[in-house]
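Protein chains: 2
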Amino acid sequence: MKTHTESEENYIKALYHLGGDQPVSNGDLAQRIGAKGSSVTQAVKRLGQKDLVNVVPYKGVQLTQQGIRLAKSILRKHRLWETFLVDKLGFGWDEVHPLAEQLEHIQSEELVDRLFKFLGSPKHDPHGDPIPERDGQMPPVLGQPIGAFTTGAEIRIVRVEDAGTEFFDQLETMNINLGNTYEIRAISAFDSSVELGSSTGSFWLSQSMCANIYAIQS
Amino acid sequence: MKTHTESEENYIKALYHLGGDQPVSNGDLAQRIGAKGSSVTQAVKRLGQKDLVNVVPYKGVQLTQQGIRLAKSILRKHRLWETFLVDKLGFGWDEVHPLAEQLEHIQSEELVDRLFKFLGSPKHDPHGDPIPERDGQMPPVLGQPIGAFTTGAEIRIVRVEDAGTEFFDQLETMNINLGNTYEIRAISAFDSSVELGSSTGSFWLSQSMCANIYAIQS
DNA sequence: CTTTTATTTTAGGCAAAGCTAAAAATTATT
DNA sequence: AATAATTTTTAGCTTTGCCTAAAATAAAAG
Numbered sequence: 025m026k027t028h029t030e031s032e033e034n035y036i037k038a039l040y041h042l043g044g045d046q047p048v049s050n051g052d053l054a055q056r057i058g059a060k061g062s063s064v065t066q067a068v069k070r071l072g073q074k075d076l077v078n079v080v081p082y083k084g085v086q087l088t089q090q091g092i093r094l095a096k097s098i099l100r101k102h103r104l105w106e107t108f109l110v111d112k113l114g115f116g117w118d119e120v121h122p123l124a125e126q127l128e129h130i131q132s133e134e135l136v137d138r139l140f141k142f143l144g145s146p147k148h149d150p151h152g153d154p155i156p157e158r159d160g161q162m163p164p165v166l167g168q169p170i171g172a173f174t175t176g177a178e179i180r181i182v183r184v185e186d187a188g189t190e191f192f193d194q195l196e197t198m199n200i201n202l203g204n205t206y207e208i209r210a211i212s213a214f215d216s217s218v219e220l221g222s223s224t225g226s227f228w229l230s231q232s233m234c235a236n237i238y239a240i241q242s
Numbered sequence: 025m026k027t028h029t030e031s032e033e034n035y036i037k038a039l040y041h042l043g044g045d046q047p048v049s050n051g052d053l054a055q056r057i058g059a060k061g062s063s064v065t066q067a068v069k070r071l072g073q074k075d076l077v078n079v080v081p082y083k084g085v086q087l088t089q090q091g092i093r094l095a096k097s098i099l100r101k102h103r104l105w106e107t108f109l110v111d112k113l114g115f116g117w118d119e120v121h122p123l124a125e126q127l128e129h130i131q132s133e134e135l136v137d138r139l140f141k142f143l144g145s146p147k148h149d150p151h152g153d154p155i156p157e158r159d160g161q162m163p164p165v166l167g168q169p170i171g172a173f174t175t176g177a178e179i180r181i182v183r184v185e186d187a188g189t190e191f192f193d194q195l196e197t198m199n200i201n202l203g204n205t206y207e208i209r210a211i212s213a214f215d216s217s218v219e220l221g222s223s224t225g226s227f228w229l230s231q232s233m234c235a236n237i238y239a240i241q242s
């Protein structure tokens with residue numbers, strides 16, 4: 025596997041995020057990358073010459089098989105580094121993303137493999153997102169939004185959306201962490217907020233909080 | 025502290041390595057960086073505009089105080105990452121340098137501080153080289169070449185020069201590691217090789233091996 | 001089914017970093 | 001001290017990657 029520039033890798037990542045294997049528009053890509061459309065046009069042309077994407081002018085860009093493989097390998101690195109930063113260095117959920125964006129560009133298969141082992145061969149990162157395996161396989165995406173359960177259900181938090189600093193702060197102050205278990209005590213018919221109960225008491229979660237927190241029945 | 029390009033940081037590192045706070049010639053710098061003299065002329069001009077170096081055309085380039093501070097912070101990161109790779113991920117001595125060259129460019133004070141603590145606040149890296157402290161202070165450079173001791177001395181290996189893969193391989197096969205203790209049994213008057221003894225037996229070390237292995241009296 | 005609007009591409013510029021080849025300055029040698 | 005040899009700089013070119021402004025195309029609206 026050849027070596028790519030950081031910019032190239034960022035485009036691949038963005039493409040994967042926005043469309044997976046589906047075509048993505050120039051505009052959406054530009055927005056995601058934070059560059060102007062004209063820059064994107066050029067960039068994807070370069071990617072096309074390396075067979076990482078297929079470009080249909082005026083129509084959209086689509087990752088090739090090779091592009092998808094690269095995207096997954098970057099995502100793997102990103103999520104492994106996030107795991108490292110949280111589990112080993114004690115960073116908070118909301119702090120790790122920008123750091124992982126730098127670390128994900130480090131080139132070394134060997135390093136990734138060793139890091140993976142060092143972290144205990146994790147299947148999911150600290151947010152509960154699946155970490156692609158070496159061969160590109162994806163572990164399952166866990167859970168469903170808390171609002172999707174019914175009263176009386178026993179649930180365990182398994183994943184949270186990356187919905188920004190304020191969201192993570194709120195989780196922190198409410199002491200909500202992956203692995204926590206609760207009982208669904210009530211669901212408001214008025215505003216869809218949910219009452220969660222545990223051994224230490226109970227509290228209400230707003231609908232928008234619930235929408236970003238995923239759980240499984242336990 | 026502003027953010028610098030990788031290229032800039034590489035020049036600063038090279039400058040520090042070659043001259044410390046002393047002027048360095050264009051040629052030496054070019055050789056170290058692996059670029060042509062003309063590229064170096066341009067590069068140092070850019071560094072000069074950022075007050076990282078003082079340039080005297082046709083005479084040489086010299087790090088400023090600010091440049092030295094930056095150089096040390098990069099070296100700190102380099103050696104902390106090397107420590108991480110060896111101590112935590114189990115890499116061998118000779119494998120870590122190129123990886124650390126990538127990792128040393130990651131920008132985050134916070135990350136460095138946490139990594140430092142995670143590694144047990146080390147003063148020296150896996151080769152025994154001093155790790156600059158946060159404030160730029162340098163721990164002592166340890167030991168003297170094995171050839172500098174006299175017969176009968178009890179010594180402990182504290183540092184090895186980065187003298188290439190073959191050297192490290194030789195250390196490996198001879199099972200020589202930092203912390204090992206030996207007695208100087210004999211020094212050849214013919215070729216300056218040295219006989220080292222331990223509880224498990226004794227062996228001879230060539231003069232050029234000795235020159236790259238540093239020890240202290242223990 | 002045109003015309004207006006929105007999106008995308010082209011054209012031309014700029015900065016970082018590298019290169020080669022030629023000119024200038026320094027150092028070394030008669 | 002004058003010339004030869006070496007080193008350094010300048011000049012001009014290349015690629016990546018971004019920009020703005022203008023032209024071209026596609027999509028939406030009348």
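Protein chains in written order, with my numbering: chain A, 25 to 242; chain B, 25 to 242.
For every residue, glycine included, the Cβ atom is placed at its ideal position computed from N, Cα and C.
query, result
"Within-8 Å CB hit, I155/A to chain B", "no"
"Cβ pair I170/B, I237/B closer than 8 Å", "yes"
"Backbone secondary structure at S222/B - three-state DSSP", "strand"
"Within chain A, the residues that L135/B reaches when beta carbons sit closer than 7 Å", "L123"
"Any chain A beta carbon closer than 8 Å to R100/B", "no"
"Extent of the continuous alpha helix (DSSP H) run through E128/A", "Counting along the chain, E128/A falls outside any alpha helix (DSSP H), and DSSP gives it neither H nor E."
"R183/B and G152/B closer than 8 Å at C-beta", "yes"
"Cross-chain neighbours of L127/A in chain B, by beta carbon under 7 Å", "I130"
"M233/B, buried or exposed, once every other Cβ within 10 Å from all chains shown has been counted against 16", "buried"
"Contact between the region 42 to 50 of chain A and the region 79 to 93 of chain A (3+ Cβ pairs under 8 Å)", "yes"
"Cβ-Cβ distance between L229/A and V218/A below 8 Å", "yes"
"At least 3 beta-carbon pairs within less than 8 Å: the region 94 to 107 of chain B vs the region 128 to 137 of chain B", "yes"
"Interface flag, G84/A vs chain B, CB-CB below 8 Å", "no"
"Cutoff 8 Å: K112/B Cβ touching any chain A Cβ", "yes"
"N-terminal and C-terminal residue of the alpha helix (DSSP H) that Q68/A is part of", "Sequence inspection shows Val at residue 68/A; the Gln mentioned does not correspond to that position. Its alpha helix (DSSP H) spans residues 61 to 73."
"Cross-chain neighbours of L143/B in chain A, by beta carbon under 8 Å", "Going along chain A, no residue has its Cβ under 8 Å from L143/B, so there is no contact; the nearest lies around 10 Å."
"CB contact flag (L71/A, L113/B, <8 Å)", "no"
"Integer Cβ distance of A239/A from G167/A, believed to fall under 8 Å", "5 Å"
"Residues sharing a beta bridge with H28/B, DSSP", "According to DSSP, which records beta bridges pairwise, H28/B is partnered with nothing at all."
"is_contact[L139/A, chain B] using C-beta, thresh 8 Å", "yes"
"Start-to-end residues for the alpha helix (DSSP H) that takes in A95/A", "89 to 107"
"Residue-level contact to chain B via CB, F191/A, 8 Å cutoff", "no"
"Helix, strand or coil at V136/B [DSSP, three-state]", "helix"
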